[in-house]
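Have a look at the structure below before the remarks.
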Amino acid sequence: MHIIREPRVTVLARQEFVYPEHIQWESDSDVAGEVVAEFAGRLCYLSFGEDAGLEGGHKSIPGRTTNEAYLGNILQVKHGSVLEHAVWTVLIEGVSRSLTHELIRHRAGFGFSQLSQRYVDESNIAFVQPPEIADGSRAYEIWSEGCEQTLECYRNLLAELTDQVGDTGSPTMRKKRARQAARAILPNCAETKIVVTGNARAWRHFMESRGSGGADMEIRRLAGTVLRTMQAEARHIFSDMHLVPSPDGIDTIDTQHSKV
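Just so you know, the sequence shown maps onto residues 78 to 337 in our numbering.
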């Protein structure tokens, strides 16, 4: 039986910014997500001049405004709509079905494509160990024993249902009929994989809300992994968010610019 203790987040896709030929402006950032957010903000006030500061009542920055300074001001004044133009797609693995039930509630700004237990044979499925359950503890013994029993039940049930379905219908439908019934025995800690596309504003909201001390520990751990990934992708958009050690061992996330 395979047990997973940490999530994995892999960036699958990021944007490419194409400079419009009729607008003489260039950002000092080479990160497309940062550039498109800056461009969108500047378009609101047509502030593309070399010496243009932040117009429209925002704080003016003398001389040429760097991307970092521009987006820092965007975060400060909470002009979050321009961050919706920056988009990343990631593959999330090593998380439980329980976690993704919470993750997919974040509808605004996100798209999801998740592994199908109805189509995929889960006879060799892994289980995600809840952070609250410590290795070597009595709780771990109870939990791991339950996972082993569940996996054995799934395999036996799948075999029985496969025989029950027989030759009725197409091969694909026969597999679905057996697996869709057998999956009912699998626990919430069954490992799953999901592709998530989200804009920067949506990612910030996810990390801020799920990185709080009151969030479920597993999804809080994922929020921390996502934060480290996003800061490596676009520091100017996410650098104000920080991991803070927590007594329970799973970092929380703090930001000076809440609810951008």
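The C-beta atom is built at its ideal place from N, Cα and C for all residues, glycine as well.
All of these numbers come straight from a predicted model, not from anything done at the bench.
Cβ-based neighbour list, residue i, same chain, cut-off 6 Å, excluding 5 preceding and 5 following
i, result
"residue 168", "87, 89, 272"
"residue 91", "165"
"residue 79", "203"
"residue 358", "As shown, the chain starts at 78 and ends at 337. That puts residue 358 outside it, with no answer to give."
"residue 145", "313"
"residue 220", "210"
"residue 275", "186, 187"
"residue 128", "With a pLDDT of only 46 at residue 128, under 50, the local geometry of the prediction cannot be trusted, and no value is derived from it."
"residue 259", "231, 234, 235, 238"
"residue 311", "108, 110, 111"
"residue 296", "176, 179, 287"
"residue 194", "260"
"residue 290", "329"
"residue 84", "171, 172, 299, 302"
Residue i - containing alpha helix (DSSP H), residue span
i, result
"residue 280", "277–287"
"residue 315", "312–315"
"residue 90", "Here residue 90 belongs to no alpha helix (DSSP H); instead the beta strand (DSSP E) covers 85–91."
"residue 175", "174–180"
"residue 112", "109–122"
"residue 160", "Where residue 160 is concerned, there is no enclosing alpha helix (DSSP H), given that its DSSP letter is neither H nor E."
"residue 154", "144–154"
Range of the contiguous beta strand (DSSP E) that encloses residue i
i, result
"residue 330", "329–332"
"residue 319", "318–321"
"residue 187", "187–191"
Residue burial classification, residue i (beta-carbon count within 10 angstroms, cutoff 16)
i, result
"residue 133", "Bear in mind that a pLDDT of 39 at residue 133, under 50, signals an unreliable position, so the model cannot answer this."
"residue 244", "exposed"
"residue 309", "exposed"
"residue 118", "buried"
"residue 216", "exposed"
"residue 120", "exposed"
"residue 139", "In this prediction, residue 139 has a pLDDT of 42, which is less than 50 and means its spatial position is unreliable; what the coordinates show is noted afterwards. With fewer than 16 other Cβ atoms within 10 Å, it is exposed."
"residue 324", "exposed"
"residue 212", "exposed"
"residue 317", "buried"
"residue 123", "exposed"
"residue 106", "buried"
"residue 172", "buried"
"residue 125", "exposed"
Residue i: CB within 7 Å of a non-hydrogen atom of the ligand HEM
i, result
"residue 98", "Summarising the ligand content, the structure contains no ligands, and the ligand HEM is consequently not present."
Among the options, the one whose alpha carbon lies nearest that of residue i
i, options, result
"residue 97", "326, 323, 112", "112"
"residue 249", "197, 154, 110, 157", "197"
"residue 257", "179, 232, 122, 333", "232"
"residue 335", "278, 308, 229, 293", "278"
"residue 332", "284, 95, 269", "284"
"residue 280", "84, 160, 126, 116", "160"
"residue 192", "268, 122, 84", "268"
Same chain, Cβ closer than 7 Å to residue i, neighbours up to 5 away in sequence not counted
i, result
"residue 320", "301, 304, 328, 330"
"residue 135", "Only weak support exists for where residue 135 lies, its pLDDT of 37 falling under 50; the value from the coordinates is given anyway. Closer than 7 Å at Cβ, skipping near neighbours: 150, 154."
"residue 82", "206"
"residue 181", "189"
"residue 157", "278, 337"
Own chain, CB closer than 8 Å to residue i, minus 5 neighbours either side, in chain order
i, result
"residue 93", "109"
**Q.** Minimum length 3: unbroken beta strand (DSSP E) runs contained in the stretch 208–290
**A.** 268–276
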